[in-house]
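Peer 1:
Residue numbers (our numbering): 2 to 298.
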């Protein structure tokens, strides 16, 4: 693959607004990729809900020797971000790094593997940004299990990532009683319990957020409540994102949160939004063991 080929293909892919759930746009992008694949490669396209997965294999198998897994979907952005620019040898645009850059490379690897008869496949998913529940998860549940899985997403420079933290996302809901802000004693502010709980959770996890570490981190992703400044808020919601190592668990995090709610005497409804657990990716190429890296995000 030449630099010109990579630049053109990446520019074409960035121009497609492949947001999760945009079925037609993602399918259009996968069609583009499929046209780049050489003859003799087995191509499967799996449709599930609003997601599509393409698996292009040198040898059709549920357990190939090598699988290069990437995702086509990107997060939302302004229209101008879908027009790739090259400045000082850097490609700038929505998804250039996360992770459309890897798709032309994957196609080039696949075509070379076909020429050399290497047991290799390229997998492209379209819902990674929202958890992969209709894409990668479904493929895994069907028994797809490569011996070596390569996911060029999340590492820095040439560091090889061999494990990543799991994700626990909690939704906290509180109920209050409306009143005018001039008479707050007549109501019950639903935001107050979330603030009290948040302060206590920061005592536990706050320091972990300050520097890169292999510890459980916490992010208050969204806090929603109230419609007017001069009204006591009757209902509020907060969503928290935890990233945890293999020494922690979703069950333990929920236990900590619910324990603090009980200790503070608060009334907060806790629900766990379905996401993936701890992800461990072990590579078998001893000659590439260094540099390696534990991705902490």
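We treat Cβ as the ideally placed atom computed from N, Cα and C, and that holds for glycine.
The structure presented is a predicted model; accordingly, all values stated were derived computationally and were not measured.
How close, in whole Å, do the beta carbons of residue 137 and residue 192 come, if the pair is a contact with beta carbons under 8 Å?
Peer 2: Not really, about 37 Å apart at Cβ, beyond 8 Å.
Peer 1: Using 10 angstroms around the beta-carbon of residue 2, count the other beta-carbons present and answer buried if the total reaches 16, otherwise exposed.
Peer 2: Answer is exposed; the Cβ neighbour count stays below 16.
Peer 1: Could you pull out every residue in the same chain whose Cβ sits closer than 6 Å to the Cβ of residue 251, ignoring the five residues on either side in sequence?
Peer 2: So the list reads 169, once near-sequence residues are dropped.
Peer 1: Quick one, which of 69, 259, 223 and 243 has its alpha-carbon nearest residue 109's?
Peer 2: Residue 109 has its Cα closest to that of 69, out of 69, 259, 223 and 243.
Peer 1: Buried or exposed for residue 245, please, with buried defined as at least 16 other CB atoms from any protein chain shown within 10 angstroms of its CB.
Peer 2: The residue is buried, with at least 16 neighbouring Cβ atoms inside 10 Å.
Peer 1: Measuring alpha carbon to alpha carbon, tell me which of 73, 214, 194 and 121 ends up nearest residue 66.
Peer 2: Of 73, 214, 194 and 121, the residue nearest in Cα terms is 121.
Peer 1: For residue 107, which residues from the same chain have a beta carbon less than 7 Å from its beta carbon, with the 5 sequence-adjacent residues on both sides left out?
Peer 2: Excluding positions up to five away in sequence, the list reads 69, 71 and 123.
Peer 1: In terms of residues, what are the limits of the beta strand (DSSP E) holding residue 53?
Peer 2: Note, residue 53: beta strand (DSSP E), 52-58.
Peer 1: DSSP on residue 384, reduced to helix/strand/coil?
Peer 2: It is not possible to answer for residue 384, since the shown part of the chain is limited to 2 through 298.
Peer 1: Enumerate in chain order the residues of its own chain whose CB-to-CB distance from residue 15 is below 7 Å, with the five nearest sequence positions on each side excluded.
Peer 2: Correct list, in chain order: 83, 85, 94, 95, 96, 97 and 101.
Peer 1: Measuring straight from C-alpha to C-alpha, what distance separates residue 140 and residue 239?
Peer 2: Distance between the alpha carbons of residue 140 and residue 239: 32 Å.
Peer 1: Assuming residue 272 is part of the alpha helix (DSSP H), what are its boundary residues?
Peer 2: That residue, residue 272, is in no alpha helix (DSSP H); its beta strand (DSSP E) goes 270-274.
Peer 1: With distances taken between CB atoms, is the gap from residue 196 to residue 271 smaller than 8 Å?
Peer 2: Contact flag unset, no.
Peer 1: Would you kindly check if the distance between the Cβ of residue 55 and the Cβ of residue 42 is under 8 Å?
Peer 2: No, Cβ-Cβ distance for residue 42 and residue 55 is not below 8 Å.
Peer 1: Under 8 Å: do the segment 17-30 and the segment 47-54 share three or more Cβ pairs, one atom per stretch?
Peer 2: These segments touch.
Peer 1: Residue 81 by DSSP, collapsed to three states: which one?
Peer 2: It is helical.
Peer 1: For the alpha helix (DSSP H) that contains residue 143, what are its first and last residues?
Peer 2: Residue 143 -> no alpha helix (DSSP H), and no H or E assigned at all.
Peer 1: What distance in whole Å lies between the Cβ atoms of residue 171 and residue 261, which are believed to be in contact at a cut-off of 8 Å?
Peer 2: No, residue 261 and residue 171 are not in contact; Cβ-Cβ is about 12 Å, not under 8 Å.
Peer 1: Give a yes or no on whether the C-beta atoms belonging to residue 219 and residue 255 are separated by under 8 Å.
Peer 2: No; because the gap between Cβ atoms is not below 8 Å, this pair is not in contact.
Peer 1: If you drop the 5 nearest sequence neighbours on each side, which residues of the same chain put their C-beta closer than 6 Å to that of residue 39?
Peer 2: The answer, listed in chain order, is 112 and 115.
Peer 1: Rounded to a whole number of angstroms, what is the C-alpha to C-alpha distance between residue 78 and residue 99?
Peer 2: Going by the C-alpha atoms only, they are around 13 Å apart.
Peer 1: Just how far apart, CA to CA, sit residue 161 and residue 267?
Peer 2: For residue 161 and residue 267, the distance between alpha carbons rounds to 44 Å.
Peer 1: Hey, residue 154 and residue 74: beta-carbon distance below 8 Å or not?
Peer 2: For residue 154 and residue 74, no; Cβs fall outside 8 Å.
Peer 1: Write down the C-beta distance between residue 233 and residue 188 rounded to the nearest angstrom, noting that I regard them as a contact closer than 8 Å.
Peer 2: Residue 233 to residue 188, Cβ: 4 Å. Contact.
Peer 1: Taking only the alpha-carbon atoms, compute the straight-line gap between residue 152 and residue 181 and give it to the nearest angstrom.
Peer 2: About 54 Å.
Peer 1: So is residue 205 buried or exposed if we call it buried at 16+ other beta carbons inside 10 Å?
Peer 2: Burial call: exposed.
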